[in-house]
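>
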Amino acid sequence: MIALARRRGPTTSTDSGSAGGAGERRSSWLARFAPTPTGYLHLGDVVNAIWVWGLAAATGSRVRLRIEGHDRERSHPEYDTAILEDLAWLGF
């Protein structure tokens with residue numbers, strides 16, 4: 000699922016910790032990546048992550064990672080950990 004939504008609050012902010020350096024103005028957009036913890040990341044998740052992080056980079060936005068399992072039977076904590084480890088290994 001890809002979502003790009005306006006953040007609440009000011010339309011721009013100054014963030015000295017951003018990749019662009021001190022005082023860079025940042026967009027008020029927020030992208031979201033929401034894999035489900037019902038299994039390991041698959042190719043579709045990776046393609047989606049590339050798209051979401053690329054969109055965020057192109058618009059000067061940030062990405063919110065949301066892992067929420069609505070399927071209580073198939074969601075397991077080890078999948079949460081594996082998703083985070085895989086995303087880190089992929090450089091996200």
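Residues in the sequence shown are numbered from 0 upward in steps of one, following numbering that gives the first Met the number 0.
We put the CB at the ideal spot given by N, CA and C, even for glycine.
In this text, all values refer to a predicted model and were calculated from it rather than measured experimentally.
With distances taken from CA atoms, which of ARG73, TRP88 and TRP50 is nearest VAL62?
Minimum Cα distance to VAL62 is reached at TRP50.
> Taking the alpha carbon of ASP44 as the point to measure from, which residue in GLU84, LEU54 and ALA33 has its own alpha carbon closest?
It is ALA33 whose Cα lies nearest to the Cα of ASP44.
> Would you mind reading off the limits of the beta strand (DSSP E) that contains LEU42?
Here LEU42 belongs to no beta strand (DSSP E); instead the alpha helix (DSSP H) covers 42 to 58.
> Using three-state DSSP, classify ALA30 as helix, strand or coil.
DSSP places ALA30 in strand when its eight states are reduced to three.
> Where GLU72 and ILE66 are concerned, what is the direct C-alpha to C-alpha distance, given to the nearest angstrom?
Cα to Cα, the separation comes out at about 15 Å.
> What does the alpha-carbon distance come out to for the pair LEU40 and ALA55?
Distance between the alpha carbons of LEU40 and ALA55 is about 20 Å.
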